[in-house]
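Just so we're aligned: the sequence shown equals residues 201 to 314 in our numbering. Glycine residues also receive a C-beta, built at the ideal position from the N, C-alpha and C atoms. Read through the structure below, which is laid out as C-alpha cells, and then see the notes.
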Amino acid sequence: MEVAQKVRDTLAGLVAAKFNANDFDEKKLAKQALSRSRLKVVLHLEQPSKSSKLRPQVIDPAVAKQKLKQYLKAIDAHPVVMDKSTLSGKKIAWQVDEKDSSSDHAWDAWPDIS
201 MEVAQKVRDT LAGLVAAKFN ANDFDEKKLA KQALSRSRLK VVLHLEQPSK SSKLRPQVID
261 PAVAKQKLKQ YLKAIDAHPV VMDKSTLSGK KIAWQVDEKD SSSDHAWDAW PDIS
C-alpha cells in the first residue's frame with residue numbers, strides 16, 4: 201500500500217534528519233517528532249464525487265483503514281481515515297480549502313499555522 205510506504209519513508213527521513221540535518225530547525229523538528237511516546241497515522245482522503253449509486257466512492261475508507269491497520273500495526277494499531285465531512289469538531293493541525301475547479305484536485309490540505 202502506497203500510504204504505508206510513505207509513512208515508512210517519512211519515519212526514515214525523520215530519523216536521518218534527527219542525526220544528520222544541517223539545518224537547526226529541521227533537526228529540532230525531527231527530534232521533537234521522534235521524542236513522542238506514541239505515533240498517530242491519519243490518512244486524509246478526499247475523493248471526487250462519482251455518479252455511480254452502487255460505488256459512490258473510488259476508495260472505500262473502511263477498506264483503506266483496515267489495510268493501514270494491517271500494514272502499520274507496529275507504528276499505529278488504530279490509524280484514522282478521514283475526509284472533509286468527518287473533520288467537524290475534531291482537533292487537527294491542518295485545514296481543508298476548496299480549490300479552483302479548473303485544478304487537478306478538488307480539495308487541498310494545508311497545515312494550519314495560525
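The closest CA to that of Val-242, considering only Asp-297, Val-296, Val-207, Gly-289, is found on Val-207. Around the C-beta of Leu-268, 16 or more other C-beta atoms lie within 10 Å, and the residue is accordingly described as buried. Sequence-distant Cβ neighbours of Lys-231 in its own chain, meaning closer than 6 Å and more than five residues away, are Lys-218. Of the other Cβ atoms in all chains shown, 16 or more fall within 10 Å of the Cβ of Pro-279; this residue is therefore buried.
The closest CA to that of Lys-240, considering only Asp-225, Lys-273, Ala-262, Ile-259, is found on Lys-273. Bridge pairing for His-278: absent [DSSP]. Apart from the 5 residues on each side of it in sequence, Met-201 sits with its Cβ closer than 6 Å to the Cβ of Lys-267, Tyr-271 in its chain, given in chain order. The Cβ neighbour count for Val-215, taken over all protein chains shown within 10 Å, is under 16; the residue is labelled exposed. A Cβ-Cβ contact shorter than 8 Å links Val-258 with Pro-248.
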